[in-house]
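Colleague: If you read the protein sequences in the order shown, they are chains A and B. Residue numbering for the first sequence follows this note's numbering, beginning at 1 and increasing consecutively. Residue numbering for the second sequence follows this note's numbering, beginning at 122 and increasing consecutively.
There are 2 protein chains.
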Amino acid sequence: MTDVATLIDGYIATWNEKDPERRLALVAETFTNDADYLDPLMQGAGQDGIDAMIAGVQQQYADYRFELAGAPDAHNDRVRFSWHLVGNGGGAPVATGYDFGTLAEDGRLRSVTGFLETPTQ
Amino acid sequence: MTDVATLIDGYIATWNEKDPERRLALVAETFTNDADYLDPLMQGAGQDGIDAMIAGVQQQYADYRFELAGAPDAHNDRVRFSWHLVGNGGGAPVATGYDFGTLAEDGRLRSVTGFLETPTQ
Chain A
1 MTDVATLIDG YIATWNEKDP ERRLALVAET FTNDADYLDP LMQGAGQDGI DAMIAGVQQQ
61 YADYRFELAG APDAHNDRVR FSWHLVGNGG GAPVATGYDF GTLAEDGRLR SVTGFLETPT
121 Q
Chain B
122 MTDVATLIDG YIATWNEKDP ERRLALVAET FTNDADYLDP LMQGAGQDGI DAMIAGVQQQ
182 YADYRFELAG APDAHNDRVR FSWHLVGNGG GAPVATGYDF GTLAEDGRLR SVTGFLETPT
242 Q
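Dropping the structure here:
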């Protein structure tokens, strides 16, 4: 489970990394080349597509950051975990999400499906 | 959402249907031919494999039934839902699970990944 925990920590770090070069490096560490992401609000295909999608979210939520909510739960090549979107100034989460992922043989994410527990602002 | 709700009701009904002929018919209504199921304890591939897997669970938990816990949540071709395993005589659930599924274009389940919230007995 250590590898999956590290992977998901990296996934959250990717969403929070606002330096374009460092963010793309984190995307490449976290996702396979052909990875895809899909949630009710957005989608991204491939490392570049996912990076661009995350950059857009960061512009929209410039004063917020993602935090992992509890340890990820994994079996076989599947993982699930929850996260909060919280303001940099503190306070209650403005959104909570639940992500489901599949892992490639090299341990990176091959696909992520996100669900939202509460509507974003 | 009506179609997904009906599909997931059928999924739960499939797990509870102990007549072999009716169960296999429900499997065929609920899963595509090439569907697969994977959770921490078991897996099944194809309608026949999934049917055999469910038959095995029914033998192990003869006095229990599955109940959907709340409405399924779906977007695009993805769905998630929770379920309880409860005794036919009542009482608290002995297990709670969380399933993630992908849908085929014909509306049937193409894959299901199960996670367990609490260990089975």
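For each residue, glycine too, the CB sits at the ideal point set by N, CA and C. Keep in mind it's a predicted model, so treat the numbers as computed, not measured.
#1: To be precise: take each residue of the stretch 223-236 of chain B, compare its Cβ to all Cβ atoms of chain A, and keep it if any distance is under 7 Å. Which residues remain?
#2: Closer than 8 Å, Cβ to Cβ, to anything on chain B: give me those residues from the stretch 65-85 of chain A, in chain order.
#3: Does the beta-carbon distance from Leu109 of chain A to Thr30 of chain A come in below 8 Å?
#4: What did DSSP end up calling Asp257 of chain B once you bin it into helix, strand or coil?
#5: Strictly under 8 Å for the Cβ-Cβ distance: is Leu145 of chain B near chain A by that measure?
#6: Which residue wins for smallest C-alpha separation from Pro161 of chain B, given the options B:Arg144, B:Pro214, B:Asp220?
#7: Going by DSSP in three states, Leu237 of chain B sits in which element: helix, strand or coil?
#8: What does Leu38 of chain A reach in chain B if we use C-beta pairs closer than 9 Å?
#9: According to DSSP, simplified to helix, strand and coil, what is Tyr132 of chain B?
#10: Within 10 Å of its beta-carbon, does Arg199 of chain B have 16 or more other beta-carbons around it, so buried, or fewer, so exposed?
#11: Rounded to the nearest angstrom, what separates Phe236 of chain B and Ala74 of chain A at their Cα positions?
Modeller: Taking the coordinates as given:
#1: Thr234, Phe236
#2: Hits within the stretch, in order: Asp73, His75, Asn76, Arg78, Arg80.
#3: In contact: Leu109 of chain A and Thr30 of chain A (Cβ atoms closer than 8 Å).
#4: The structure shown does not extend to residue 257 of chain B, since chain B is modelled only from 122 through 242, so no value can be given for it.
#5: no
#6: B:Asp220
#7: Correct three-state label for Leu237 of chain B: strand.
#8: His196, Asn197, Asp198, Arg199
#9: helix
#10: By the neighbour-count rule (16 or more Cβ atoms within 10 Å), Arg199 of chain B is buried.
#11: 8 Å
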